[in-house]
Amino acid sequence: GAGVSQTPSNKVTEKGKYVELRCDPISGHTALYWYRQSLGQGPEFLIYFQGTGAADDSGLPNDRFFAVRPEGSVSTLKIQRTERGDSAVYLCASSPGPGDEQFFGPGTRLTVL
Amino acid sequence: AQSVTQLGSHVSVSEGALVLLRCNYSSSVPPYLFWYVQYPNQGLQLLLKYTSAATLVKGINGFEAEFKKSETSFHLTKPSAHMSDAAEYFCAVSAYGQNFVFGPGTRLSVLP
Chain A
273 GAGVSQTPSN KVTEKGKYVE LRCDPISGHT ALYWYRQSLG QGPEFLIYFQ
323 GTGAADDSGL PNDRFFAVRP EGSVSTLKIQ RTERGDSAVY LCASSPGPGD
373 EQFFGPGTRL TVL
Chain B
8 AQSVTQLGSH VSVSEGALVL LRCNYSSSVP PYLFWYVQYP NQGLQLLLKY
58 TSAATLVKGI NGFEAEFKKS ETSFHLTKPS AHMSDAAEYF CAVSAYGQNF
108 VFGPGTRLSV LP
């Protein structure tokens, strides 16, 4: 079956612009996670959805970052007024439920010039 | 709060030798513990997980890990390294399967 997909695979933007990153989880998975991975580091937790609601958004670095999952499937990570420090690979993962194996997508590489 | 440390950002072993990748964690609640592998240009893949059942956990590709509460450790081992094991390995801890904290990773090189 299809795995987790993320679009776009690469995004280059200018400082100050707005970007949206999309995640399509595995069908039927209720849990969805967003992470950010910088070069040479492990994934950094951003936000966790259980169904449509954000169960834990403690990892979002500031109010420029926001994520939604309106119908409990596809999720969009939104970054306003991008900064060069936002450059990283943004990973999405889904799982059947909390504590189950997470299946990771290939990531979106964001570059802010 | 949870945290993870992985001793050794880079480990090299000879093909056929024992692989030992270290992970220590801290958690304010009984932890869920995971090892993930990331092959070059590929996504993260689960190797194994501990969720309070047996303390010795067997995973894919011959890897296993032992949960030692007294040492707050969850080291990953494989008796005999194969060239295909060369990858980045991440240990992660979670409280109740929600907020996941990953370690910085250990890059494993396997020498012929």
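Chains as they are written, first to last, in the numbering used here: chain A, 273 to 385; chain B, 8 to 119.
Backbone N, C-alpha and C fix where the C-beta goes; we use that ideal spot for every residue, glycine too.
Here the structure is a predicted model, which is why all the values come from computation and not from measurement.
Item                                                                                                                                                    : Value
Between Phe-317(A) and chain B, is the shortest Cβ-Cβ distance under 8 Å, so that the two count as touching?                                            : yes
Expressed to the nearest angstrom, what Euclidean distance is found between the alpha-carbon atoms of Arg-353(A) and Val-20(B)?                         : 45 Å
Counting only the same chain and skipping the five closest in sequence on each side, list residues whose C-beta sits under 7 Å from that of Ser-277(A). : Asp-296, Gly-377
Could you confirm whether any beta carbon from chain A is found closer than 8 Å to the beta carbon of Val-36(B)?                                        : no
Got a sec? Which residues, its chain only, sit under 7 Å from Arg-336(A) by beta carbon, not counting five neighbours each side?                        : Ile-351, Gln-352, Arg-353
Skipping 5 residues on each side, what residues in its chain have a beta carbon closer than 6 Å to that of Arg-29(B)?                                   : Leu-14, His-82
So the candidates are Tyr-307(A), Gly-323(A), Val-291(A), Glu-316(A); which of them puts its Cα closest to the Cα of Val-346(A)?                        : Gly-323(A)
Residues bridged to Glu-126(B) by DSSP?                                                                                                                 : Given that chain B is displayed from residue 8 to residue 119, the structure contains no residue 126(B) and the question cannot be resolved.
In chain A, what lies closer than 9 Å to Lys-65(B) by C-beta?                                                                                           : Under the 9 Å cutoff, chain A gives no residues; its nearest Cβ is about 15 Å from Lys-65(B).
What is the DSSP secondary structure of Glu-355(A), reduced to helix, strand or coil?                                                                   : coil
Pull up the DSSP beta-bridge partners for Asn-438(A), would you.                                                                                        : Beyond the ends of chain A as shown, which are 273 and 385, falls residue 438(A); an answer cannot be given.
Note the first and the last residue of the continuous beta strand (DSSP E) segment covering Ile-319(A).                                                 : 316-322
With respect to the beta strand (DSSP E) encompassing Phe-74(B), which residues constitute its N-terminal and C-terminal limits?                        : 71-75
Is it right to say Asn-106(B) is buried, meaning 16 or more other beta carbons lie within 10 angstroms of its own, or is it exposed?                    : buried
For a contact meaning CB atoms closer than 7 Å, what does Tyr-39(B) contact in chain A?                                                                 : Gly-371
Taking the straight line between their C-alpha atoms, what separation do you get for Tyr-362(A) and Ala-94(B)?                                          : 20 Å
Tell me where the beta strand (DSSP E) around Gly-50(B) begins and ends.                                                                                : No beta strand (DSSP E) contains Gly-50(B), which DSSP labels as neither H nor E.
Counting C-beta neighbours from all protein chains within 10 Å, is the total for Ala-365(A) 16 or more, i.e. buried, or is it exposed?                  : buried
Helix or strand or just coil, what does DSSP make of Asn-334(A)?                                                                                        : coil
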